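Notes follow once the structure below has been shown.
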DNA sequence: AATCAATAGATAGCTATGTATCAAATTGCG
DNA sequence: CGCAATTTGATACATAGCTATCTATTGATT
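Residue numbers (this note's numbering), protein chains in the order written: chain A, 1 to 157; chain B, 158 to 314.
What follows is the structure, encoded as structure tokens:
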């Protein structure tokens, strides 16, 4: 047997793996409602942003690039859950709005996300979660990606 | 402003984001060598597995499904870095081997991975990294995904 | 006022991941 | 011994992320 990977080497590998597993678990639970992570995450952020958020603001909150959000919104719009409105003040921008049809879907999302969190964090102390989150924050900072939503959350402390 | 996400809610989001950023950073550094994460990660695992590992074993070590590995190997084989050999003992399986051309590439990968780790972990204590890794392990366990390579590493302790 | 730079969103094309399914080979049970 | 179940790798299709590039609109500078 060859030499095993040390903690730091394992870290990146595990990080990617856990992120994929997490996504898969949520996809599995929400699949029957026609939702995938990119869509439910976008709906969730949309519900927590001020009204009339633009696509740019929403993309920054979700943590994806413009083109990624465009396709997600295309799907959500086709499903009748959101609508894009051209704003008179700046005709380049489009504000994104939840439609009434999204309300029950959002309830489902909140419930499922809470259930997954309960499952995942059940045996972890708050201190461990906080430490891990802090580490993730620092890594994100070093890698140059700190979405607006996260900075705002930090400022709330 | 609406209510911010709490620590647990943020956790999943940050996890996915940091994993993407990490991948992007390594891709950026290795792009000039024609490597992307899936390829360098596969080469790295291959170099640390016993000789004549099958595709199935390699997929489990890397932490991806069969079809994902198949396509990665297709690329690596086309680039002349690895070769697949049909084994006489079980003609269903194919063992995967590094070719001599892969040696300098692996050196490059090791050096780059070490540099990225140095950058990422520079301001983090060993204790924080270990705690975070433990949290990731536990989450992976709850989500049902613990690749063989990780279990082996654990057993080394 | 005209022109040029910057910004917002959309589109195309790449890489990568997953599930579902298939063919070939092997295993094992009756 | 023979046929069904299992295993391995490959393929098809869908989702999702990215960069690069395009159009439309706005803003800024001269």
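Quick reminder that beta carbons are idealized off the backbone N, C-alpha and C, glycines included.
On a predicted model such as this, the values are computed, not experimentally measured, just so you know.
By the beta-carbon neighbour count (other beta carbons within 10 angstroms, threshold 16), residue 223 of chain B is exposed.
At least 8 Å separates the beta-carbon of residue 95 of chain A from that of residue 107 of chain A. The secondary-structure analysis by DSSP pairs residue 233 of chain B with nothing; it has no beta-bridge partner. For chain B, the residues of the region 48-65 of chain A that bring a beta carbon within less than 9 Å of one of its beta carbons are 48, 49, 50, 62, 63 and 64, in chain order.
For residue 184 of chain B, no chain A residue has a C-beta closer than 7 Å to its own C-beta; the minimum C-beta separation is roughly 12 Å.
DSSP, read as helix, strand or coil, puts residue 17 of chain A in helix. Around the beta carbon of residue 220 of chain B, a 10 Å sphere encloses 16 or more other beta carbons of the protein chains shown; the residue is thus reported as buried. Only residues of its own chain outside the window of five on either side were considered, and among them 199, 212, 215, 216 and 219 have a CB closer than 8 Å to the CB of residue 226 of chain B, listed in chain order. Listed along the chain, the chain A residues whose CB falls inside 8 Å of the CB of residue 241 of chain B amount to none; the nearest CB is some 20 Å away.
The C-beta distance from residue 241 of chain B to residue 230 of chain B rounds to 7 Å, short enough to meet the 8 Å contact threshold. In terms of beta-carbon proximity, residue 190 of chain B stays away from the interface with chain A, with every pair separated by 8 Å or more. The region 175-187 of chain B makes no contact with the region 31-51 of chain A; the number of CB pairs closer than 8 Å stays below 3. The three-state secondary structure of residue 101 of chain A, taken from DSSP, is coil. Here DSSP, grouped into helix, strand and coil, assigns residue 68 of chain A to helix. Just measuring C-alpha positions, the residue of A:98, A:16, A:131 and A:116 sitting nearest residue 30 of chain A is A:116. Here the alpha carbon of residue 288 of chain B sits roughly 35 Å from the alpha carbon of residue 191 of chain B.
Ranked by Cα distance from residue 174 of chain B, the options A:79, A:28 and A:38 are led by A:38. In the structure shown, the three-state DSSP call for residue 87 of chain A is coil.
Counting only Cβ-Cβ distances below 8 Å, residue 137 of chain A has contacts in chain B at 171, in chain order.
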